[in-house]
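Sequence lines, in order, name chains V and G.
Using the numbering used here, read the first sequence as starting at 180 and increasing by one per residue.
Using the numbering used here, read the second sequence as starting at 180 and increasing by one per residue.
Yeah, the Cβ is synthetic: ideal placement off N, Cα and C, and Gly gets one too.
On a predicted model such as this, the values are computed, not experimentally measured, just so you know.
2 protein chains.
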Amino acid sequence: MQISSRFTMAIHMFACIDTFKEQKMTSDFMAASIGTNPVIIRKLLQQLKAAGLIEVARGTGGVRITRPLENITFLDVYRAVECTPDNELFHFHENPNEKCPVGRNIHHVLDDKLNKVQKTMENELEAITLGDVKKDLQEWVSK
Amino acid sequence: MQISSRFTMAIHMFACIDTFKEQKMTSDFMAASIGTNPVIIRKLLQQLKAAGLIEVARGTGGVRITRPLENITFLDVYRAVECTPDNELFHFHENPNEKCPVGRNIHHVLDDKLNKVQKTMENELEAITLGDVKKDLQEWVSK
DNA sequence: AAAGATGTAACTGAAACGGTTACAATAAAA
DNA sequence: TTTTATTGTAACCGTTTCAGTTACATCTTT
Numbered sequence: 180m181q182i183s184s185r186f187t188m189a190i191h192m193f194a195c196i197d198t199f200k201e202q203k204m205t206s207d208f209m210a211a212s213i214g215t216n217p218v219i220i221r222k223l224l225q226q227l228k229a230a231g232l233i234e235v236a237r238g239t240g241g242v243r244i245t246r247p248l249e250n251i252t253f254l255d256v257y258r259a260v261e262c263t264p265d266n267e268l269f270h271f272h273e274n275p276n277e278k279c280p281v282g283r284n285i286h287h288v289l290d291d292k293l294n295k296v297q298k299t300m301e302n303e304l305e306a307i308t309l310g311d312v313k314k315d316l317q318e319w320v321s322k
Numbered sequence: 180m181q182i183s184s185r186f187t188m189a190i191h192m193f194a195c196i197d198t199f200k201e202q203k204m205t206s207d208f209m210a211a212s213i214g215t216n217p218v219i220i221r222k223l224l225q226q227l228k229a230a231g232l233i234e235v236a237r238g239t240g241g242v243r244i245t246r247p248l249e250n251i252t253f254l255d256v257y258r259a260v261e262c263t264p265d266n267e268l269f270h271f272h273e274n275p276n277e278k279c280p281v282g283r284n285i286h287h288v289l290d291d292k293l294n295k296v297q298k299t300m301e302n303e304l305e306a307i308t309l310g311d312v313k314k315d316l317q318e319w320v321s322k
């Protein structure tokens, strides 16, 4: 399975908020830029708000990013919008046979290895920030 | 989203085939060890066969692993059983607005970064082999 | 021919995804 | 105070994937 497009949409939202910081940023505007429905954006806004990454002005509209972009990592965004049960990247089959020597031990054997892969991926996500996106976006826009 | 349990089931299958190599390994046996349905196993067998990792004896039954376990990586198994469109880990939203400076460039900006994360994860999967699983499983079983 | 296995089609229920409509709640402006 | 613009959220929808299940054709050996 793929990581849902909520992740790239959320990053796109941050890019909009920052790029057009002179204007009030609404869900309609972002929906138009991303190419989706405003309600999708508002649901994402709620997830990002719950994660403490933004503040949303009800009624009047407008979004404020709560931290400098360099202090918001891809992992922060990923965790905010991606719903993986127990934060587990791998879904382990749930009923291995305890009477079989393989079934009884496969979990012990695999858990460490799978956690290591997940941890490596999360470290990589953590090494990229929205500040990097801002910087690269400015370069592309000015081309 | 999570990586499907087909991945851990497939590794479990290899562990069965190797651990019980004295006997003929059938889909019924593996289904019992994994705790699922034989047809699930047979579908996985087809995917692993298509990837060239095993040979399945039709009619008579039995599975042969085509390479030494140390030469089969988690990435081989992952690619064999996980169906991600275009091998892309991240699902990019598909209709960014070309008229918006952000929408027009977001793909350029993110592609490299997302590919890097994916590549890192794949490298980590590639560093673990079924030989490692065999070794650790033997330790656990003999406890 | 019988037995035992794989290969595969067809179906199911559940969950997640992305989207859509509708509307209540809110805040500011007129 | 009314209007306007916006967010918040519930209730759907169609699609896809997942894991499972039944049924049965096919194959190989006995």
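Report the three-state DSSP secondary structure of residue 198 (chain V) (helix, strand or coil).
In the structure shown, residue 198 (chain V) sits in a helix (DSSP, three-state: H, G or I).
Runs of 4 residues minimum, wholly inside the stretch 199-235 of chain V: which ones carry the alpha helix (DSSP H) assignment?
206-213 and 217-229
With a CB to CB cut of under 6 Å and the five nearest residues on each side skipped, what residues in its chain are close to residue 217 (chain V)?
206, 207 and 210
Beta carbon of residue 191 (chain V), beta carbon of residue 235 (chain G): below 8 Å?
no
In chain order, which beta strand (DSSP E) runs of at least 3 residues are fully inside the stretch 236-306 of chain G?
242-244
For a quick check, are the C-beta atoms of residue 264 (chain V) and residue 181 (chain G) less than 8 Å apart?
yes
So, do the stretch 250-267 of chain G and the stretch 300-314 of chain G have three or more beta carbon pairs nearer to each other than 8 Å?
Touching, per the Cβ criterion.
Would residue 272 (chain V) and residue 212 (chain G) be called neighbours here (beta carbons separated by less than 8 Å)?
no
Does any CB atom of chain G fall closer than 8 Å to the CB of residue 267 (chain V)?
Chain G, which has a Cβ nearer than 8 Å to the Cβ of residue 267 (chain V), makes this yes.
Mind checking if residue 238 (chain G) is an interface residue toward chain V, Cβ cutoff 8 Å exclusive?
no
So that I know if they touch, is there some Cβ in chain V lying closer than 8 Å to that of residue 264 (chain G)?
yes
For residue 229 (chain G), is the classification buried or exposed, using 16 other Cβ atoms within 10 angstroms of its Cβ as the cut-off for buried?
Residue 229 (chain G) should be labelled exposed.
If the criterion is Cβ atoms closer than 8 Å, does the pair residue 289 (chain G) and residue 187 (chain V) meet it?
Contact check for residue 289 (chain G) against residue 187 (chain V) passes: the beta carbons are separated by less than 8 Å.
Residue 196 (chain V) and residue 242 (chain V) - do their beta-carbons sit closer together than 8 Å?
Contact flag set, yes.
Excluding the 5 residues flanking residue 299 (chain V) on each side, which residues of the same chain have their C-beta closer than 8 Å to its C-beta?
none
Output yes or no for whether 8 Å exceeds the beta carbon distance between residue 284 (chain V) and residue 319 (chain G).
yes
If the cut is a Cβ gap below 7 Å, which residues of chain G does residue 233 (chain V) touch?
By Cβ distance, chain G contributes nothing, its closest Cβ being about 16 Å from residue 233 (chain V), past 7 Å.
May I have the straight-line CA-CA distance separating residue 270 (chain V) from residue 202 (chain V), to the nearest angstrom?
43 Å
Counting only C-beta atoms, is residue 230 (chain G) closer than 8 Å to chain V at any point?
no
Going by C-alpha to C-alpha distance, which of G:220, G:287 and G:231 sits closest to residue 240 (chain G)?
G:220
Using CA coordinates, which residue listed in V:317, V:215, V:204 and V:244 is at the minimum distance from residue 227 (chain V)?
The option with the nearest alpha carbon to residue 227 (chain V) is V:244.
If we ignore side chains and look at the alpha-carbon of each, how far apart do residue 193 (chain V) and residue 258 (chain G) end up?
33 Å
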